[in-house]
Structures are given as C-alpha cells and as structure tokens.
Amino acid sequence: MNFPISGSHISPIYLAIVGFVIGILGGFFGVGGSFIAGPALRAVGLDWNFAVGTDLAHIVGKSVVAAKRHRALGNVDLKLGLIMAVGTIGGAEVGAQFIELLKRRGNVNLVVSIVSIAIYFSISSFMIWEARKTILMQRKKKAASSRPQSAAARDRSAFHGVTKSIQRIHLPPMISLPVSGVKSISLWIILFVAFVGGVFSGFLGGGAGYIRMPSMVYVLGIPTHLAVGTDLFEIIISASYGTWTHAMKGNVDILIALVMHTGAAIGAQIGAISTQYFAGPKIRLAFVPLPLIGAAIVIYTLFTGHKL
Amino acid sequence: MSRKPKEALHALRAFLIELVVYGVLVVAYFFVVLLFLQARLYELAQHHIRIYAVVAILLIIGQAVLLESVTTGLMRLIRGRSE
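Protein chains in written order, with our numbering: chain A, -7 to 300; chain B, 37 to 119.
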C-alpha cells in the first residue's frame, strides 16, 4: 500500500501485524510498545522522524481506550495527571526540537538509532534486576511471615526510603495528592519527572512509559495501579500534543498509524484476556527480550542499511 | 479433560473466530475508508498542515473508540455463543 504523506510503500498486513503484537504487549504487560513500533517502522524504511511522529499518533488511539477502562476502575488521579501533562508537553516539545535539529544536520537516523539502542538495553537490564529482586523479596517474605499484608505494604518498593526523602524536599509550592495517598510533595518534582518523560517521548516516540511509570512509583511514591491509570490518562494529553507538534513539522503519516491501530485494537483485547492465565513478576521477566528485539532491529538497520 | 485446558481451548476457538471476523471487517475498512481518505489526507498534509494535525488526532481517537466497540461487541457475541 502506498502512503503518500511519508512517501513510503509498506504492506498494510505488516503494519496490522506490528500493531497486533504491540496491542498484545499493551494488554498483557501494560506498556505502549514504542520500543517495537519505532524499530519496526524504521525497518521498512521509514525515517526516524516519521517513525517517531506516527508512533505518537498511534499511541493516542491506544491510550484513549485503555485510560477509559482504568478510569472506570478508579485508577486515575486526575489532579496528578493534569499536572504531569504540563511537564510532559514541555518535555515533548524539547524532544521534538532535538529531532528537528538532527533533521537539519542530516544525522537524525544515526543519533536516534544509537540513543534508542542504549535505552532499550537499559530497559531490559532494569527489568531483569527489578523482577529478580521482587521474586527474591517475595520468597523471603513468604518464608518470614504467614500474616497477610495490606495492599499498600505489598506495593512498597525497595526504594521506599528514597521516595520518602524526595517527598520531604521543601521546594514550594507544595501540593497534596489525596487520591494517590501523597500528603505533600513539591510541584517542581512532579513537573521534573514529567518533563524527563516528555523529552524521551518527543525524541524516541511513544508514551515513554518505560521512564515515566517507574519514576512515578519510585520517585513520586504513587501506588502502582494508580501510576498505570494516571500515566495512560496523561499520555492522551501529551501524545495528542506530541502528534500535533510532529504533524506541524511534517513528521506524521496518520494513514500508517490508522492501519497499525486496526491490529492493535484486537491485540489489546487478546493481551488483556491472556493475563488471566499468567501472573507475577515472571511476566516482567518474559518482557525482557522484547526491547532487546527492538534493539536488534535497530542495530541491523544501522549497520546494514537494509530494510527487513 | 480438566477445567483449565478446556477453558483455554474454548478461548482459543473464540479467538480464532474473532480473528477471522475481525480480519474481514478490517479489510473492508481498508478499502472503504482508508483508501478513500488517502488522497484527501495527502492534500491536507501538503497545503493545510494545521487542519491535517487536528484531523489526524480526531481520526485516531475516532477509530480507537469505534474499533473498541467492535472488538468488545465481537467478543461478547462469540464468547457468549461458544460457552
């Protein structure tokens, strides 16, 4: 199928399959899957600037549906989401400007490829470390006590002390997040966390949930289920802005995003149902090879210059 | 056969039916909507970039809501019948 906006010729079946795989990942692991979408679009010859902008548009569609479901479950902190959206939009604009700068210099494909490889390897390493630590912690707790724990205690991470220290930093204005159970935290810390996520989102595409989600849990101290729902709500606003700014710069081929999304819609349902049959940190360990596949595709495209 | 593999078999069968029905709907959608939109969106992207940006966001949100209803409806229909 011809996609005149990006001047590319890509099989719609390929795009629907990529969308389907990403949809399953979203439903099963709760991730946006930009580490697969970006490299998969790049692998069929789309320039990184188009891969990033188009993936952002695709993310908007996915998050609308997912956030709707999480809102119904009460997993969205609207106040936190709206504050984070401001920081993320600022960061996304900076990320998009980096892309523009690299486009002008003519090395966008090389630089984004190298950064994405580094990020994908980091995600996999972190997931191995985190999942292993959680499994070990659960085993120890099981052995030490047979008393049932509260949900908050079960959600407590190894970073709990660090999180408390961050919440004590007095940098006015201080705000409270009653829905998330945070009594007091500096507005600037929330904006900073959101800004960093936004830069990654604007630069590498997708929702950058791989940065923002752990930051919300470990830095801001938001309970995991609320972090997932709020992140999705916030992504609707920030990814819509990202789509807008990238579209204005000529980096969005919406037809590609629409075709990809046809696969993602059914994949998301399958992924969500599959979680009934699997559970626990072992799922997160199973996730580890996926960013590595993304990295492998980017390395292949970078070194051979070939399309897949 | 124990209950769990039986449930999984039901789910697999329902999934395959859904995939076929959904595949047919999506192919029809490609031809009716996306090919129809191709030239118009290209025109917008070339000459009215602001309108293109707004239309792009509205299209992806609209499609998301529509396909979610379709997939949820399909799942209810097929799973309801297969169980």
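In this text, a Cβ means the ideal position worked out from N, Cα and C, and glycines have one as well.
Which word fits His238 (chain A), buried or exposed, when buried means at least 16 other C-beta atoms lie within 10 angstroms of its C-beta? Numbered from its first residue, the first sequence carries residue 238 (chain A) at position 246. It counts as buried.
Considering only residues of the same chain and omitting the five flanking positions on each side of Val100 (chain A), which have a CB-CB separation below 8 Å? Stepping through the first sequence from its first residue, residue 100 (chain A) is reached at position 108. Only Asp39, Trp40, Asn41, Ile91 and Leu94 meet the Cβ criterion.
Reference Gly66 (chain A), options A:Gly45, A:Ile228, A:Leu218 and A:Ala287, closest by Cα: Taking the first residue of the first sequence as position 1, residue 66 (chain A) is located at position 74. Nearest option by C-alpha distance: A:Leu218.
Could you name the residues of the segment 48 to 64 of chain B whose beta carbon sits closer than 8 Å to any beta carbon of chain A, in the order they occur along the chain? Phe51, Glu54, Leu55, Tyr58 and Val62
Assuming Thr108 (chain B) contacts Tyr58 (chain B) under a Cβ cut-off of 8 Å, what Cβ separation, rounded to an integer in Å, is found between them? Locating residue 108 (chain B) in the second sequence gives position 72, counting from the first residue. Locating residue 58 (chain B) in the second sequence gives position 22, counting from the first residue. That pair is no contact at about 12 Å.
Contacting residues, own chain, Cβ-Cβ under 8 Å from Ser118 (chain B) (five flanking each side not counted): For the purposes of this step, residue 118 (chain B) is taken as the residue at position 82 of the second sequence. Only weak support is given to the placement of Ser118 (chain B): the predicted model assigns it a pLDDT of 49, under 50, and the value that follows is read from those uncertain coordinates. So the qualifying residues of the chain are His46, Arg49, Ala50 and Ile53.
List the residues of chain C whose Cβ lies closer than 7 Å to the Cβ of Leu45 (chain B), in chain order. The structure shown contains no chain C; its protein chains are A and B.
Check each candidate in A:Leu179, A:Phe27, A:Val211 and A:Val154 and name the one with the smallest Cα separation from Ile167 (chain A). Position 175 of the first sequence, counted from the first residue, corresponds to residue 167 (chain A). The shortest Cα separation from Ile167 (chain A) among A:Leu179, A:Phe27, A:Val211 and A:Val154 belongs to A:Leu179.
Using only the alpha-carbon positions, how far apart do Ser111 (chain B) and Glu43 (chain B) sit? Position 75 of the second sequence, counted from the start, is the residue given in the question as residue 111 (chain B). Position 7 of the second sequence, counted from the start, is the residue given in the question as residue 43 (chain B). The amino acid at residue 111 (chain B) is misidentified as Ser; the sequence shows Met. Approximately 15 Å between the Cα atoms of the pair.
Please decide whether His62 (chain A) counts as near chain B, where near means a Cβ-Cβ distance under 8 Å. Within the first sequence, the letter at position 70 stands for residue 62 (chain A). It does not; no Cβ of chain B falls within 8 Å.
With three or more beta-carbon pairs closer than 8 Å as the criterion, would you say the segment 250 to 261 of chain A touches the segment 216 to 234 of chain A? no
Secondary structure at Val280 (chain A), three-state DSSP: helix, strand or coil? Position 288 of the first sequence, counting from 1, holds the residue named residue 280 (chain A). Of the three classes helix, strand and coil, the one that applies to Val280 (chain A) here is coil, per DSSP.
Three-state secondary structure assigned by DSSP to Ile177 (chain A): Counting from one through the first sequence, the residue named residue 177 (chain A) turns up at place 185. DSSP places Ile177 (chain A) in strand when its eight states are reduced to three.
Output needed for Gly18 (chain A): all residues of its chain with C-beta closer than 8 Å, excluding positions within five of it in sequence on either side, in chain order. Here the question's residue 18 (chain A) lines up with position 26 in the first sequence. Excluding residues within five positions, the ones whose Cβ falls inside 8 Å are Gly24, Gly25, Lys54, Ala58, Ala256, Gly259, Ala260 and Gly263.
Nearest to Phe195 (chain A) by CA position, among A:Asp47, A:Arg63 and A:Ala135, is which residue? Against the first sequence, residue 195 (chain A) aligns to sequence position 203. Per the Cα distances, A:Asp47.
Within 7 Å: the Cβ of Met208 (chain A) and any heavy atom of the ligand GDP? This structure does not include the ligand GDP; it has no bound ligands of any sort.
Between the C-alpha atoms of Lys175 (chain A) and Ser207 (chain A), what's the straight-line distance to the nearest angstrom? Position 183 of the first sequence, counted from the first residue, corresponds to residue 175 (chain A). Position 215 of the first sequence, counted from the first residue, corresponds to residue 207 (chain A). Approximately 18 Å, taken between the alpha carbons.
Under 6 Å Cβ to Cβ from His50 (chain A), same chain only, skipping five residues before and after it: list those, please. Mapped onto the first sequence, residue 50 (chain A) falls at position 58. Once the five neighbours on either side are set aside, the close Cβ partners of His50 (chain A) are Ala249, Met252 and His253.
At the 8 Å Cβ level, is Gln89 (chain A) part of the contact set with chain B, yes or no? Here the question's residue 89 (chain A) lines up with position 97 in the first sequence. Output row for Gln89 (chain A): interface = no.
Can you pull the chain B neighbours of Ala8 (chain A), defined as C-beta to C-beta under 8 Å? Along the first sequence, one-based indexing puts residue 8 (chain A) at 16. Simply Val62.
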